[in-house]
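Here's the structure we're looking at; comments come further down.
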Amino acid sequence: MDRVAPILRGPSTLLVWCCVVIGASACAQEGASGNGFAEYLRQRDQSPPAARPQPTAAPAERQVQQAFTAQVPGAFASPNERNILPVEYSADELLNDPLADVIVEGNDTILSSSILSHIKTRAGRPPSPRQIQEDVAELVKLRWFLNVRPVYRQTEEGPVLVFQVTERPIVRSVQFIGNKKIKTAELQANVGLRQGSGFDVSANRESVYRIQSMYQDKGYRFAKVTLQKGGDPQDRDVVFQIEEGPKVRVGKIVFEGNEFVSGAILKTKLASKTAILRFIGGSYDPELIQNDVLTLRQYYTNLGFFEVEVEAKESFSKDNGYVTVTYQVSEGPRYRVGNIETVGNVVIGTGRLLNDPKLDEGHYFNARFLREDVSSMKEQYDELGRIFAKVEPVPQFRADEPGWVDLTYVVDEDIPRLIGDINVHIRGDYPHTQEEVVLQQMHRFIKPGQLANGTNLRMAQQRVMGSQLWERSDPPTFDIHPVDGLDYLPPLVTRGQDGRLQLRDNLVETAASEDLPITSGFGHSLSPVGRSAPVSTTVERPIPRAEPERLSRPAPLESGFEPAPAKYPVGEPMTMSSQYTIDPEAIINAPEESFIVRCQSPGEMPTYRGQSVGRNGLPVPQDYMQTDSPQGDPFGDAIRNPATPGFVDVNVDVTEGRTGRLMFGVGVNSNAGVVGSIVLQEDNFNLLRPPTSWADIVNGTAWRGAGQSFRLEAVPGYQVSRYTASWQDPYFLRSDFSLGLSGFYYNRFFTDWTEDRLGGRISVGRILNQYWSAGLALRLEDVDLHGIRNEAFAPAALVAAKGNSLLSTISATATYDTRDSSFMPTRGHFIEGSFEQAFGEYDYSRAEVTAGQFFTLYERPDGYGKHILQFRGQIGGTSSSTPIFEKFYAGGYSSFRGFAYRGVSPRQMDYVLGGNWMALATAEYMVPITASDNVRAVVFTDMGTVEEDFGFNDFRITAGFGLRLMIPAMGPAPLAFDFAWPIMSQDFDTERVFSFYIGFTR
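For what it's worth, my numbering labels the leading residue of the sequence shown as 7, then goes sequentially.
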């Protein structure tokens, strides 16, 4: 038996393998035959059925081709189908042969030509198994067939691909009964059923839910839909019975239990709104109400109510047309902040890190202030190039003292990093913007080789995102990748040994507030801020951070360097508070302890007198009581280079937006009356890119792509009209200077004369930093003063200016602006000074200063409801030789309320002549009168004078009140309505109680 066993084991093993192969082959054939139906079950509910062709008799093209003559080895088939080969088991040589034909079998009512029009496999080409699978999937999606099976058939002309199909029954008619609020065509488009399409009971039942969901989305929450016909496999007609019911609207929103916050304020946080006049808006959506519950909880939690509970209850009217939503609020106690401490900060001390916190010990908890404090801490690290530093606030609720929470800020300081490459990617249908445009927008803030200052990165991001060139729906993204920096640092050979890497010579020196070590003697500095960094005379060794997840550090290499663990693993994107998208790659860091830290006393470090300190905290020259250098150098540790800083690459992705705009507007105000506005503007203009073909015009690439601005404006009006054409390059010749050219025609009907101006202006400007800007301008105008009222009695100064005059001036302007908004500022200040010198026909000097200061005196804990106090002032003086059309005038809604436009001015014989000296001031207090802040009330006082010479002899004071309406659909500027009465005035002034401004632009 021992001799027979090996012999038996051989055939038995072979037999087992044969059974396995035969079974797998049979399973594969069975899976292939059911593949179409399985695919149908998977995709049946994903798309509506396609329109089915009209039934027809079976054409001759469906006749079976000549039978297969050569059996393919290894194929298993029934006696009746020995000539059919499943595609999955075709021989290799057969797949390489081109198809003789592609036909369809099994279709009784659908033309083969209609079916083949959805198939991409063609005769005359070798078949592709992947394409055949896609063709099967496409036929299944049509929902014409219960089953689709592709097979091969061999003929004398060659292999033929046959799609064997089993047709589905067709729908004879589709009917909707009871629908009045939604049209039948809209319902039919939603369900996808129509006469001639495939009959499917499950699809008909699914259509019931689709119709009901459609009604609910439109506010008919009680709509009912039943399937009267079409639920039986023997049916051929589909009938839906619809009971629409009333459209449910939110009639009333009530709050109960809220004490700290009023119901009016809570309503502004809700997405659900009540119906206006009982029938406009206010659609009822239960999911939206549940989201509102979560929103209210979050709102209270952000204010320190950590135990708040909110529940929504709904009650419907008798006819179910209106619902009253009652939010029951249990506020609970409002928590105060107890102890505040920081953990993990070494480079920046706790006192500096928590300097002037918004959320201090003893204050009520407020998430808004917490975010500001965390942002302030991160900004301190951002200034040091540690842009991946993290500050995580961890609350600890006191069990023995309810209502108190302690805060611990857990800090991960990161390492300083430098800017590596800046890559720009521009997307769009026909990208035409030059990459230089994006780089110019950022180059004032970030450049390769600079310290990766987080504040500058945010400024660069804001500058790009604030540009009108990019699509708003797909805003620009800044993707910041940490890199090892090996590509930026050439190898360094020191004293015959392979040293570490040093920065390239072209890296830009950047000052930083963090002192970096600078070695002396034979050492080499690799400081990212260069050798200009100050040397500390008293330096202490930093305490290494406690990192629970960090493994014990291995012994340092002979070179004194060791790779720090990657704190940001590969492939794990992180998001900074400044909205940077960070996707770290491989990082090779030097230990953070290599940087010297001040203001810390570990107590273990001895004091060295008259000695500097190296990167490892050891004295230079070396103290041999501490260590012994193998270099044989009396300076010892000084030969070791400081740690290599980290690098980051900045990838900027932008999508070109629609930079060309055609705008129409209308405005009315008490100064200029009614005016219209037609503006054609292109914000991505290119003066040097004329069209070279019709394709440039069709694709929109002609005259575009350089980031320049071109504007044509027509402002016709009853009292004033202006027509301008202007061009500006914000980065002229790739510099920080802007260049602007403009030409204009201006017409104004004044009370005493009519003025026409035709001229142009050349301006050069520069934004110096975040707050400062400056500019120069050359102005050339032809001024035509005519239509003088009662010219025979007019003053000589007015008559002398009659006719055409050439006005040529050059001016300089400097502006400092820290306001948080130009339309509705709540804090900050601005000051602008200008000086203008005329030359040529007129010779005079004119100086003017405008300033404003804004204070927020009160705001709700959520940051809204601000009470704003503002002070504004304007002073100016000009030479006595200034022509009458260039003198100072005051009065009107934007100048001196309580007086008419140009109603404050020196006069002669009742003619307004203007003054050479002007001083105006305004104090205004603004408070919101609605919870949404869209309606505000103001009280104000205006004061000042316009006089012939310097002085305050004709001083005026007015006082009044007004309203400010914020309507986003009408533009960013608020609608203004003011009432003012003079308290002090002159007899010759022209008074006006009511002044206003209304503007609308689309």
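Don't be surprised by glycine CBs; every beta carbon is placed ideally from N, CA and C.
Being a predicted model, the structure only gives us computed values, none of them experimental.
Notebook entry, point to check: On the three-state DSSP scale, how would you describe N657?
Noted result: In this structure, DSSP gives N657 an extended state, which the three-state scheme calls strand.
Next item on the list: Could you please give me the residues that DSSP links to T815 through a beta bridge?
Entry: Answer by DSSP bridge pairing, in chain order: R785, A844.
Item checked: Classification of R942 by the beta-carbon crowding that lies within 10 angstroms, buried from 16 upward -> Taking every protein chain shown into account, the CB of R942 has 16 or more other CB atoms within 10 angstroms, so this residue is buried.
Checklist line | Residue closest to E315, alpha-carbon to alpha-carbon, out of K324, V329, G327, L300 | finding: Answer by Cα proximity: L300.
Note to self: Quick check: what's the CA-CA separation for D420 versus S727?
What the structure shows: D420 and S727: Cα-Cα distance of roughly 59 angstroms.
Next item on the list: Would you kindly check if the distance between the Cβ of V214 and the Cβ of L199 is under 8 angstroms?
Entry: Contact: no.
Next item on the list: Hey, could you find the ends of the alpha helix (DSSP H) W700 is sitting in?
Entry: That run of the alpha helix (DSSP H) goes 700-704.
Item checked: Close beta carbons around Q992, own chain, < 6 angstroms, minus the five adjacent residues each side -> Taken in chain order, the residues that qualify are D960.
Notebook entry, point to check: Can you pull the DSSP bridge partners for H487?
Noted result: Its beta-bridge partners are D655.
Notebook entry, point to check: What's the call for Q240, buried or exposed, on a 16-neighbour Cβ count within 10 Å?
Noted result: It counts as exposed.
Checklist line | Straight-line Cα distance separating P422 from R469 | finding: Going by the C-alpha atoms only, they are around 24 angstroms apart.
Item checked: Terminal residues of the beta strand (DSSP E) in which K235 lies -> That run of the beta strand (DSSP E) goes 230-235.
Note to self: Looking at D758: is its Cβ nearer than 8 angstroms to the Cβ of Y917?
What the structure shows: It is a contact, given that the beta carbons lie within the stated cut-off.
Note to self: On the criterion of 16 or more Cβ atoms from any shown chain inside 10 Å, does P988 qualify as buried, or is it exposed?
What the structure shows: By the neighbour-count rule (16 or more Cβ atoms within 10 Å), P988 is buried.
Note to self: Assuming R216 is part of the alpha helix (DSSP H), what are its boundary residues?
What the structure shows: Annotation: the continuous alpha helix (DSSP H) that includes R216 extends over 207-223.
Next item on the list: Could you pull out every unbroken beta strand (DSSP E) segment of at least 3 residues lying fully inside the segment 729-805, listed in chain order?
Entry: Counting whole runs of 3 or more residues, the segment 729-805 contains the beta strand (DSSP E) stretches 743-755, 760-773, 778-792.
Check: What span of residues does the beta strand (DSSP E) with P422 cover, start to end?
Finding: For P422, no beta strand (DSSP E) encloses it, and the DSSP letter there is neither H nor E.
Next item on the list: Give, in chain order, every unbroken run of the alpha helix (DSSP H) that is at least 4 residues long and sits entirely within the segment 327-388.
Entry: Entirely contained in the segment 327-388, the alpha helix (DSSP H) runs reaching 4 residues are, in chain order, 356-359, 373-388.
Check: Short check: CB of G879 to CB of F860, under 8 angstroms?
Finding: Result no, Cβ atoms of G879 and F860 do not sit closer than 8 angstroms.
Margin query: Helix, strand or coil, according to DSSP, for T996 in the structure here?
Written below: Coil.
Item checked: Nearest neighbour of F946, chosen from R149, L309, S900, N657 [CA to CA] -> That would be S900, whose Cα lies nearest to the Cα of F946.
Check: Among R664, I874, K230, D955, which one has its Cα closest to the Cα of S827?
Finding: If we check each option's Cα against that of S827, I874 comes out closest.
Item checked: Coil, strand or helix - N195 by DSSP -> Inspection of the sequence shows that residue 195 is occupied by Ala rather than by Asn. Residue state, collapsed to three classes: helix.
Margin query: Suppose the cutoff is 8 angstroms on Cβ atoms and the five residues either side in sequence are ignored; what does the same chain contact list for D238 look like?
Written below: In the same chain as D238, and ignoring 5 residues on each side of it, the C-beta atoms closer than 8 angstroms to its own belong to V207, in chain order.
Next item on the list: Starting from the C-beta of P175, find all residues in its chain whose C-beta is less than 6 angstroms away, skip the five residues before and the five after it, and write them out in chain order.
Entry: For P175, where only same-chain residues beyond five positions count, the Cβ hits under 6 angstroms are F205.
Check: In the structure shown, what three-state DSSP assignment does V941 receive?
Finding: In the three-state reduction of the DSSP assignment, V941 falls in the strand class, which pools E and B.
Next item on the list: Put L276 into one of helix, strand or coil per three-state DSSP.
Entry: Three-state DSSP puts L276 in coil, outside helix and strand.
Item checked: CB contact below 8 angstroms: N345 versus chain C -> No chain C appears in this structure, which consists of one protein chain only.
Notebook entry, point to check: Hey, how far is the Cα of E442 from the Cα of Y737?
Noted result: Looking at the backbone, the Cα of E442 and that of Y737 are separated by about 10 angstroms.
Item checked: Distance between L782 and E515 (C-alpha atoms, nearest Å) -> Residue placement at E515 is poorly supported in this model, since its pLDDT is 37, which falls under 50; the coordinates still yield a value, given next. Cα-Cα distance, rounded: 31 angstroms.
Next item on the list: Report the option in R866, S683, R970, Q474 whose CA atom is closest to the CA atom of G663.
Entry: Minimum Cα-Cα distance from G663 among the listed residues R866, S683, R970, Q474 corresponds to Q474.
Margin query: Taking the straight line between their C-alpha atoms, what separation do you get for A853 and T884?
Written below: Straight-line measurement puts the Cα of T884 at about 6 angstroms from the Cα of A853.
Check: According to the Cβ coordinates, are V411 and F375 closer than 8 angstroms?
Finding: Pairing V411 with F375 gives a Cβ-Cβ distance that is not under 8 angstroms.
Item checked: Proximity of Q456 and L424 at Cβ, strictly below 8 angstroms -> For Q456 and L424, yes; Cβs fall inside 8 angstroms.
Check: What is the C-beta distance between R772 and S744, in whole angstroms, given that I count them as a contact (C-beta under 8 angstroms)?
Finding: Contact between R772 and S744 holds: their C-beta atoms lie close to 7 angstroms from each other, under 8 angstroms.
Notebook entry, point to check: Anyone know if the C-beta pair for W733 and L784 falls short of 8 angstroms?
Noted result: No Cβ-Cβ contact shorter than 8 angstroms links W733 with L784.
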